[in-house]
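In my numbering, the protein residues as written are 13 to 547. Even for Gly, the Cβ is constructed at its ideal location relative to N, Cα and C. Quick caveat, the model's predicted, so the values are computed rather than measured. Working notes, beginning with the structure itself.
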């Protein structure tokens, strides 16, 4: 049986589209517009299977996991629920990704787990105005755009946008304002298919880093952590009051606290989920506030100019920490330049370690104020092929429990961006505990206090929030902190000492040579007459 990985796809309806009847209009306030497929007794003479359905309707058998994740544990009107990818029951209605096409694909409304048939949108579009796209063929949308191939949460789902007037009004609310509970901004549509919760497996990630011990010293109060990814669902209970409205850089208007892909919401929950929300775990920095900045509404990734603008937006809004999701390509020159500006403005930037497949000749990231994080699994093994020169620290990144979009309390996620979220949470703890530290000092404290894990045989060190908060940080002087890096400073000191010693050695040798080459002084003859000084 497949594990729920957090990959979710759906087909929300544009706010401006019509469904053909007044009943559909009324239902959409509490329902999700989608595509679905009714399982047949057999197809081509064989029992129906998810991989066969995915091949036929999505163009790839490998996308069966997407269909599975959309339907696992959802009660079916025909009885039972999907729990095994190899077992389907005739009459089950399977929610499909938005780009499904072919015989048997139907339109419907999902309300409280029940699918009701509905007419397709009048304009034929199942995507929102954020992308301006209409339905595509499976072949056109089968690629994965996320830079990190290990990403477990992500999708091709686009988000319905607000009406132009509603979005404009909402955008004036300010990216630093928080919303909690199920509050809704007028004109904003929240139609994302619900997820099924994962099991109650022990949470190894939070246990390993021991963040609860750190809470006696800091919970990240007063810190604004910008999550640059797919947005963060501000309506989920676990993040109530700790998500600002953010911004949508993709469209240039609207808010960031909507997320139909799920990656940004999962990152936000790892950073600031609340322990009082009924979950057995919480975020690393539960008193911090997450500022969502959307740079994508689909899994095909983002663009360098959008990513760079998102980083600048975070700095302008007063973020103290920036967490870069896997859609952000840190090998792009424009992105690196924006990161340099952020560090210059005293913002800690946490990014995923570069992969072996990333361009090796790109502009290097700053050596101060930036932390590059790799993801590990429970055994301490890296979850991706990282470039060894770029990985500075590691954090949990596989089989991590997170909050799913639409508030699903537990989904299992995998990806470097979740390791980034853990590290960004630690940065928020340090900034709150040591407000005198600048961005470079926070990064140094994280690296200096990371610990080796003997039980896993790690060659790199794991973040350790407790030690980071209980060990006094090294405060660099102004002259020292202006040096290019501590490593370079050490090299320069050693070179200077070597030059001094070489100079002393040269002087000694020169003195010895002069002594050997000087003519002997004349000896006085005792029998010689003495000069008459009175003459």
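Can you tell me whether residue i is helix, strand or coil according to DSSP?
{"i": "residue 224", "result": "helix"}
{"i": "residue 281", "result": "helix"}
{"i": "residue 256", "result": "strand"}
{"i": "residue 267", "result": "coil"}
{"i": "residue 295", "result": "coil"}
{"i": "residue 38", "result": "Summary for residue 38: the model assigns pLDDT 39, below 50, so the residue's position carries little reliability, and this model does not support an answer."}
{"i": "residue 306", "result": "strand"}
{"i": "residue 507", "result": "helix"}
{"i": "residue 414", "result": "strand"}
{"i": "residue 123", "result": "strand"}
{"i": "residue 437", "result": "helix"}
{"i": "residue 229", "result": "coil"}
{"i": "residue 248", "result": "coil"}
{"i": "residue 286", "result": "coil"}
{"i": "residue 529", "result": "helix"}
{"i": "residue 430", "result": "helix"}
{"i": "residue 217", "result": "helix"}
{"i": "residue 522", "result": "helix"}
{"i": "residue 374", "result": "coil"}
{"i": "residue 512", "result": "helix"}
{"i": "residue 145", "result": "Caution is warranted here: a pLDDT of 29 is assigned to residue 145, below 50, making its placement in the model unreliable, and no coordinate value can be reported."}
Using DSSP bridges, identify the partner residues of residue i.
{"i": "residue 118", "result": "48"}
{"i": "residue 386", "result": "406"}
{"i": "residue 364", "result": "385"}
{"i": "residue 275", "result": "DSSP output for residue 275 lists no bridge partner at all."}
{"i": "residue 394", "result": "388"}
{"i": "residue 301", "result": "236"}
Along the chain, where does the alpha helix (DSSP H) that runs through residue i open and close?
{"i": "residue 353", "result": "345-356"}
{"i": "residue 319", "result": "316-328"}
Start and end of the beta strand (DSSP E) containing residue i?
{"i": "residue 128", "result": "126-129"}
{"i": "residue 241", "result": "236-241"}
{"i": "residue 335", "result": "333-336"}
{"i": "residue 425", "result": "423-425"}
Does at least one heavy atom of the ligand MN sit under 6 Å from the Cβ of residue i?
{"i": "residue 445", "result": "You won't find the ligand MN in this model; it holds no ligand whatsoever."}
In chain order, what are the residue ranges of uninterrupted alpha helix (DSSP H) at least 4 long that sit wholly in the segment 41-108?
The segment 41-108 is shown to contain whole alpha helix (DSSP H) runs of 4 or more residues at 62-70, 76-83, in chain order.
At least 3 beta-carbon pairs within less than 8 Å: the segment 395-409 vs the segment 361-372
The segment 395-409, when compared against the segment 361-372, does touch it at the 8 Å Cβ threshold.
Contact the segment 301-315 vs the segment 448-459: 3+ CB pairs below 8 Å:
The segment 301-315, when compared against the segment 448-459, does not touch it at the 8 Å Cβ threshold.
Report the residue ranges of all alpha helix (DSSP H) runs contained in full by the segment 441-481; include only those spanning at least 4 residues, in chain order.
Counting whole runs of 4 or more residues, the segment 441-481 contains the alpha helix (DSSP H) stretches 451-461.
If you pair each beta-carbon of the segment 85-105 with each one of the segment 423-434, do three or more pairs fall below 8 Å?
Contact between the segment 85-105 and the segment 423-434 is absent: fewer than three C-beta pairs spanning the two stretches fall below 8 Å.
Touching by the beta-carbon criterion (3+ pairs, under 8 Å), the segment 297-304 and the segment 226-242
The segment 297-304, when compared against the segment 226-242, does touch it at the 8 Å Cβ threshold.
Between the segment 339-350 and the segment 440-447, do at least 3 Cβ pairs fall closer than 8 Å?
Too few Cβ pairs lie closer than 8 Å, so no.
Do three or more CB pairs link the segment 108-115 to the segment 44-58 at distances below 8 Å?
At 8 Å Cβ cutoff, the stretches touch.
Could you check whether the segment 400-413 touches the segment 320-340, counting it as contact only if at least three pairs of C-beta atoms, one from each stretch, sit closer than 8 Å?
In short, these stretches do not touch, since the Cβ pair count stays below three.
Assess contact between the segment 243-259 and the segment 503-513, defined as three or more Cβ pairs (one per stretch) separated by less than 8 Å. Is contact present?
With the rule of 3 Cβ pairs closer than 8 Å, the segment 243-259 does not count as touching the segment 503-513.
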